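Engineer: Here it is, the structure, as structure tokens.
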Amino acid sequence: MARVSLRVYIREIESLIDQGATNEAIAHCRHILRTFPKHLETYRLLGKSYLESHRYGEAVDVFSRVLMSVPDDFVSHVGMSIINDEQNKLDDAIWHMERAFESQPSNAAIQGELQRLYGRRDGMEPPKVRMTRGALAHMYIQGELYPQAIAEIRAVL
Numbered sequence: 000m001a002r003v004s005l006r007v008y009i010r011e012i013e014s015l016i017d018q019g020a021t022n023e024a025i026a027h028c029r030h031i032l033r034t035f036p037k038h039l040e041t042y043r044l045l046g047k048s049y050l051e052s053h054r055y056g057e058a059v060d061v062f063s064r065v066l067m068s069v070p071d072d073f074v075s076h077v078g079m080s081i082i083n084d085e086q087n088k089l090d091d092a093i094w095h096m097e098r099a100f101e102s103q104p105s106n107a108a109i110q111g112e113l114q115r116l117y118g119r120r121d122g123m124e125p126p127k128v129r130m131t132r133g134a135l136a137h138m139y140i141q142g143e144l145y146p147q148a149i150a151e152i153r154a155v156l
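Using numbering that gives the first Met the number 0, read the sequence shown as starting at 0 and increasing by one per residue.
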């Protein structure tokens, strides 16, 4: 059997998901998890594969596991938001998309999706998504503006 690095294997699985071969991607993810049961990137890909194949119950289980380990995981929050939106759980969909927005506030796709969700809830899309204190604190931390980040976090508490 040929030896392949985990990084290359993960890229191949991502390619399978992009091509729509989700069942094959799921099988490969399960294979990796037998050897590396704590590999978070594999769990993310497994959740994404389940999401793409509309196996929402299994996707929620996987994304929830990732969020227990990494509470601000971008991919898992986006996945959970999509699932909740599909299941007409609008408040949960918004909550998860807001957490994704806090992780990547400059992501235009997330801003647009959040506007769409707010529009469904409120009857009208806001012209701009307002920055949450969590997103602002995250930006301050990335810019190494720690006193401002601490002030924003304290304001939330």
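In this text, a Cβ means the ideal position worked out from N, Cα and C, and glycines have one as well. Being a predicted model, the structure only gives us computed values, none of them experimental.
(1) Tell me the DSSP secondary structure of residue 4 in three-state form.
(2) When DSSP labels each residue in this structure, what does residue 102 get in the three-state scheme?
(3) Please tell me whether residue 128 and residue 141 are closer than 8 Å, where the distance is taken between their beta carbons.
(4) Assign residue 7 to buried or exposed, taking buried as 16 or more other Cβ atoms, counted over all protein chains shown, within 10 Å of its Cβ.
(5) If you pair each beta-carbon of the segment 143–156 with each one of the segment 92–101, do three or more pairs fall below 8 Å?
(6) Taking the runs of the alpha helix (DSSP H) that are 4 residues or longer, which of them lie wholly in the segment 12–75?
(7) If residue 104 sits next to residue 137, beta carbons under 8 Å apart, how far is it from one beta carbon to the other, in whole angstroms?
(8) Counting only the same chain and skipping the five closest in sequence on each side, list residues whose C-beta sits under 8 Å from that of residue 125.
(9) Counting C-beta neighbours from all protein chains within 10 Å, is the total for residue 3 16 or more, i.e. buried, or is it exposed?
(10) CB-CB under 8 Å to residue 86, same chain, minus the five flanking residues each way: which ones, in chain order?
(11) Identify the continuous alpha helix (DSSP H) that holds residue 146 and give its terminal residues.
(12) Looking at residue 61: is its Cβ nearer than 8 Å to the Cβ of residue 45?
(13) If the criterion is Cβ atoms closer than 8 Å, does the pair residue 23 and residue 15 meet it?
Structural biologist: So, from the data block:
(1) Locating residue 4 in the sequence shown gives position 5, where the first residue counts as 1. Reduced to three states, the DSSP call for residue 4 is coil.
(2) For the purposes of this step, residue 102 is identified with residue 103 of the sequence shown, where counting begins at 1. In this structure, residue 102 counts as helix in the three-state DSSP scheme.
(3) Here residue 128 refers to the residue found at position 129 of the sequence shown. Here residue 141 refers to the residue found at position 142 of the sequence shown. Going by C-beta atoms, residue 128 is not nearer than 8 Å to residue 141.
(4) Here residue 7 refers to the residue found at position 8 when the sequence shown is read from its first residue. Per the 10 Å Cβ criterion, exposed.
(5) no
(6) 21–34, 39–51 and 55–68
(7) Translated into the one-based positions of the sequence shown, residue 104 becomes position 105. Translated into the one-based positions of the sequence shown, residue 137 becomes position 138. Contact holds; Cβ gap of about 7 Å.
(8) Locating residue 125 in the sequence shown gives position 126, where the first residue counts as 1. The residues are 114, 117 and 118.
(9) As a working note, residue 3 is residue 4 in the sequence shown. Residue 3 should be labelled exposed.
(10) For the purposes of this step, residue 86 is taken as residue 87 along the sequence shown, with counting starting at 1. 55, listed in sequence order.
(11) Numbered from its first residue, the sequence shown carries residue 146 at position 147. Element bounds for residue 146: 145–155.
(12) Start at 1 with the first residue of the sequence shown, and residue 61 comes out as number 62. Start at 1 with the first residue of the sequence shown, and residue 45 comes out as number 46. Result yes, Cβ atoms of residue 61 and residue 45 sit closer than 8 Å.
(13) Start at 1 with the first residue of the sequence shown, and residue 23 comes out as number 24. Start at 1 with the first residue of the sequence shown, and residue 15 comes out as number 16. Cβ distance < 8 Å, so residue 23 and residue 15 count as in contact.
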